[in-house]
Each structure stands twice: as structure tokens, then as C-alpha cells.
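Following my numbering, the numbering of the sequence shown begins with 406 at its first residue and continues without gaps.
Read through the structure below, which is laid out as C-alpha cells, and then see the notes.
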Amino acid sequence: MHILMACDHGAVPLKNTLRDWLRAEHHLEVSDFGVDGPDSVDYPDQAGRLCRALLAGEGERGILLCGTGLGMSMAANRFAGVRAALCHDEHGARMSRRHNDANVLVLGGRTTGEAVARGIVEVWLNEGFEGDRHRRRLEKMDQLMKESES
Ligand code: RB5
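Below is the structure:
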């Protein structure tokens with residue numbers, strides 16, 4: 406699986422740790438869209454970079470990180486076709502895949518520790534979408550987005 410990752414200045418250490426671990430331990434292809442330093446950037450720019458690449462087929466799933474995960478999840482969900490889930494525990498990660506078919510995982514670099522984040526990522530990568538009634542609900546969400554654009 407090819408994973409795309411991006412963060413703002415609020416989550417650089419967690420992004421780098423997870424990136425290296427996914428490559429070394431899980432043997433996944435990971436494209437890192439930065440950032441890599443402490444200088445302040447705007448999370449919508451980073452969310453936009455990753456979501457455009459994901460929707461263009463450059464990767465299968467995305468992981469976004471900012472200080473709380475809140476801004477990144479709000480920004481990512483502005484894109485039709487992106488279902489971004491801010492997760493704080495493994496249960497949320499599991500359900501975001503089973504019921505919501507989340508294609509972007511969002512984590513808070515200032516709210517979630519490294520060990521918890523690894524558990525969340527592992528569950529999120531391995532769970533599948535259950536489809537059925539949940540697909541109907543995703544279609545209804547897409548319909549809401551179309552309505553809001555018209
Ligand atoms: C940046 O200071 C912070 O606002 C950002 O990382 C994120 O937490 C926004 O939701």
C-alpha cells in the first residue's frame with residue numbers, strides 16, 4: 406500500500422517517527438509531503454497538497470497530522486472524495502474504516518503519543534470497509550456535498 410503523509414509544524418516529530426516506522430517495519434511505500442521543521446505553516450496548504458495527490462491516484466491512503474488534528478480534518482473534508490477521520494484511539498480507527506471507509510487518517514501531534522498513534526495507524530491500515538448500509542450513508546454524504554455546492 407502506498408501511503409501519503411503530510412503535517413504542519415505542530416506534528417513534525419510524530420509524522421517523522423510514523424513515516425520511518427511504516428517504511429522500516431511495515432515495508433510500505435510512503436510519500437512525505439513535509440513539513441520538516443518548526444517554522445509555522447498553514448495546515449490547509451498541507452491538507453490540500455495531500456488531498457490533491459490522493460485524488461489524483463498518487464497513493465491509496467493518506468495520513469495528515471497537525472497539533473490537534475482538528476484543522477487538518479476540517480480542511481481535508483472540504484475535498485469531495487476525501488473521508489478524513491480524526492482518531493484518538495483504536496476503536497475510532499477501526500470504526501472509521503469499517504463504517505466510514507476513511508481514506509485519510511488524521512492524528513494530533515500534540516494530543517496523541519507515539520505508542521497510541523502506532524496502534525491507531527496499525528488498526529486503520531488493516532481494517533476493511535463493511536459496505537452494505539454504510540455505502541448508502543457515504544453516498545448520502547456525497548449528496549450533501551453536492552447540495553452545498555449548488
Ligand atoms: C498550529 O498552531 C495549530 O493550530 C495546528 O497545528 C492545528 O492544531 C490546527 O487545528
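No residue lacks a Cβ here, since even glycine has one placed at the ideal position from N, Cα and C.
Cβ contact annotation for residue 449 (same chain, cutoff 6 Å, sequence separation greater than five): 480, in chain order. Shown in chain order are the residues whose CB sits closer than 5 Å to a heavy atom of the ligand RB5: 413, 415, 471, 472, 473, 475 and 476. An exposed status is given to residue 551, since fewer than 16 other beta-carbon atoms sit within 10 Å of its beta-carbon. Going by beta carbons, residue 530 and residue 464 fall outside the 8 Å limit. For residue 478, the enclosing alpha helix (DSSP H) begins and ends at 475-481. Inside the region 497-533, DSSP marks whole alpha helix (DSSP H) runs of 4 or more residues at positions 519-531, from first to last along the chain.
About 17 Å separates the CB atoms of residue 433 and residue 519; that is not less than 8 Å, and the two are not in contact. Judged by DSSP in its simplified three-state form, residue 490 adopts strand. Contiguous alpha helix (DSSP H) elements confined to the region 442-471 occur at 448-460, taking only those with 4 or more residues.
If the five residues before and after residue 522 are omitted, its C-beta is found closer than 7 Å to the C-beta atoms of 419, 423 and 512, all from its own chain and listed in chain order.
Distance between residue 482 and residue 488, taken at the CA atoms: about 6 Å.
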